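Q: Read left to right, the sequence shown gives residues 1 to 387 (UniProt numbering).
One structure follows; several queries about it will come next.
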Amino acid sequence: MYLDKTILNNTVIVCPYLNPFKLKGPKSREMNSSDVNFSLLQNQLNVPAEFFWPEKDVAPSDGDLDLPVIDLSGFLNGNEAETQLAAKAVREACMGHGTFLVVNHGFKSGLAEKALEISSLFFGLSKDEKLKAYRIPGNISGYTAGHSQRFSSNLPWNETLTLAFKKGPPHVVEEFLTSRLGNDRQEIGKVFQEFCEAMNGLIMDLMELLGISMGLKDRTYYRRFFEDGSGIFRCNYYPPCKQPEKALGVGPHNDPTAITVLLQDDVVGLEVFVGGRWQTVRPRPGAFVVNVGDTFMALSNGNYKSCYHRAVVNKEKVRRSLVFFSCPREDIVPPPELVESKEASRQYPDFTWAQLQKFTQSGYRVDNTTLHNFSSWLASNPDKKST
Ligand code: OGA
Ligand code: NI
């Protein structure tokens with residue numbers, strides 16, 4: 001562990017949780033995540049300035065967002081009238097701000113709760129044990145704290161465990177975790193593997209509902225498009241923070257992926273930017289939050305809005321969320337009928353998820369201009385198309 005001297009209130013104090021590399025800019029990418037230790041940090045009255053965010057980003061929430069709660073049972077049971085009602089609500093939400101809630105989503109009873117418990121078990125392990133699952137720079141899967149590998153300022157107040165998912169066998173989530181954490185921790189891998197498989201199934205159903213909501217002639221267009229796709233599963237763990245008005249669990253961003261399904265525990269924290277202000281998405285027992293990401297916005301030719309969101313932290317309580325991001329394998333091409341009419345010209349160039357991922361992983365911070373910047377970058381670098 002590194003020791004760092006930081007001046008707070010004119011007193012020099014030794015902070016055993018910050019690596020001096022962080023203060024040197026680009027070097028910060030070389031750090032490993034052992035440098036941020038939230039068990040120590042959460043008890044400090046003064047949060048280190050690396051965790052402070054610009055004022056516009058920490059503007060407080062201005063009330064609750066009234067989101068449609070979409071009951072999926074009719075659609076999942078093949079009831080056409082209920083499917084059309086659900087599709088209409090999905091369409092309105094996606095054209096407005098790109099977020100909605102789903103209930104009766106077909107998850108095996110108790111699985112979501114079990115996965116949340118398992119995430120607490122993981123984050124409750126000793127720092128040394130969590131670091132066995134350390135994210136090797138350049139890889140998707142692994143544990144990080146405060147994202148200090150990638151950034152040196154505006155650090156998020158969270159610990160994350162991210163796991164690349166691909167429909168198996170092999171059971172990639174389970175294999176990654178058990179190989180890193182050892183056989184004594186097999187349960188963690190097993191539960192997360194089962195959770196990811198259920199999430200992947202739900203994503204397929206949602207893709208069909210999204211196709212129906214757009215009135216596509218082939219309502220399975222998106223489902224088929226994502227059939228061979230993969231996902232990224234992330235457990236977020238937000239420790240209490242003594243200065244929550246200055247820090248953020250996750251800064252304002254759009255998910256670059258296609259659609260995101262998010263399960264939050266019972267602590268408030270997720271907020272969406274709608275109508276020029278931040279609004280709270282209150283946890284609702286049994287519900288998942290569905291967000292449109294940049295890739296789906298492109299796949300809908302811009303008709304559906306990628307949701308701009310953030311997670312705030314609080315003084316008293318740990319908050320947890322489990323997030324599943326869906327990623328397509330193929331070229332991102334909207335259904336022909338959405339781009340062939342005269343009024344609807346093509347809004348974004350062809351690209352692949354691998355290209356967008358590369359763009360967003362290269363130290364660039366994703367926000368609501370990412371898709372636009374990425375499109376311009378692709379247009380000015382035609383050779384990147386074959387990457
Ligand atoms: C994310 C995210 C929000 C939350 O992980 O991309 O937006 O509530 N999380 O944890
Ligand atoms: Ni997000």
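We treat Cβ as the ideally placed atom computed from N, Cα and C, and that holds for glycine.
None of these values were measured; they are calculated from a predicted model.
Residues in the same chain with beta-carbon distance under 7 Å from Lys56, minus the five sequence neighbours each way, listed in chain order, please.
A: none
Q: Assuming Lys246 contacts Val47 (C-beta within less than 8 Å), just tell me the rounded distance between them.
A: 6 Å
Q: I'd like to know whether the C-beta atoms of Ala158 and Gly249 end up nearer to each other than 8 Å.
A: Per the sequence presented here, residue 158 reads as Asn, with Ala not at that position. Against a cut-off of 8 Å, the Cβ pair of Gly249 and Asn158 comes out as a contact.
Q: Just the C-alpha distance for Leu45 and Gly106, rounded to the nearest angstrom, thanks.
A: 44 Å
Q: My understanding is that Arg320 touches Ser120, with C-beta atoms under 8 Å, so please give their C-beta distance in whole angstroms.
A: 7 Å
Q: Once the 5 residues before and after Ala112 are set aside, which same chain residues still bring their CB inside 6 Å of it?
A: Leu263
Q: Kindly indicate which residue of Ser345, Leu378, Gln347 has the alpha-carbon position closest to the one of Thr360.
A: Leu378
Q: As a quick exercise: from Asn303, Asn77, Asp331, pick the residue whose alpha carbon is nearest that of Gly215.
A: Of the candidates Asn303, Asn77, Asp331, the one whose C-alpha sits nearest the C-alpha of Gly215 is Asn303.
Q: Quick check on this structure: which residue in Ser152, Val272, Val289, Thr144 has the alpha carbon closest to the alpha carbon of Arg310?
A: Val272
Q: Within the stretch 109 to 185, note down every full beta strand (DSSP E) run reaching 3 residues or more, in order along the chain.
A: 142 to 145, 159 to 166
Q: Mapping the DSSP letters down to three states, classify Trp278 as helix, strand or coil.
A: strand
Q: Indicate the three-state DSSP secondary structure (helix, strand or coil) for Arg329 in the structure shown.
A: coil
Q: Around the C-beta of Ser109, are 16 or more other C-beta atoms found within 10 angstroms, so that it is buried, or is it exposed?
A: Around the beta carbon of Ser109, a 10 Å sphere encloses fewer than 16 other beta carbons of the protein chains shown; the residue is thus reported as exposed.
Q: Here's a check: name, in chain order, each residue in its chain whose Cβ is nearer than 8 Å to the Cβ of Ser345, leaving out the five neighbours to either side.
A: Excluding sequence neighbours, Ser345 sits near Val339.
Q: State yes or no: is the C-beta of Gly276 within less than 8 Å of the C-beta of Val312?
A: no
Q: Given a threshold of 16 other Cβ atoms within 10 Å of its Cβ, counted over all protein chains shown, does Val290 qualify as buried or as exposed?
A: buried
Q: Leaving out the 5 sequence neighbours to the left and right, which residues in its chain are closer than 8 Å to Gly25 when beta-carbon positions are compared?
A: Reliability fails at Gly25, whose pLDDT of 35 lies under 50, so the model's placement of it is uncertain and the value that follows must be treated cautiously. If we look at Gly25 and ignore the five residues flanking it on each side, its Cβ neighbours are Ser152.
Q: Helix, strand or coil for Ser230? Go by DSSP, reduced to three states.
A: Judged by DSSP in its simplified three-state form, Ser230 adopts strand.
Q: Can you tell me whether Val102 is buried or exposed? The criterion is at least 16 other CB atoms within 10 Å of its CB, across all chains shown.
A: Around the beta carbon of Val102, 16 or more other beta carbons sit within 10 angstroms, so the residue counts as buried.
Q: Between Gly229 and the ligand OGA, is the CB less than 7 Å from at least one heavy atom?
A: no
Q: Using a Cβ-Cβ cut-off of 8 Å (strictly less than) and excluding sequence neighbours within five positions of Arg219, which residues of its own chain qualify?
A: Glu208, Gly211, Ile212
Q: Indicate, with yes or no, if the ligand NI has a heavy atom lying under 7 Å from the CB of residue 398.
A: Given that the chain is displayed from residue 1 to residue 387, the structure contains no residue 398 and the question cannot be resolved.
Q: Apart from the five residues just before and just after Phe374, which ones in its own chain have a Cβ nearer than 7 Å to its Cβ?
A: Leu356, Phe359
Q: By the three-class DSSP mapping on this structure, what secondary structure does Arg251 have?
A: Inspection of the sequence shows that residue 251 is occupied by Gly rather than by Arg. Residue state, collapsed to three classes: strand.
Q: So for Asn46, helix, strand or coil by DSSP?
A: Coil at Asn46, not helix or strand.
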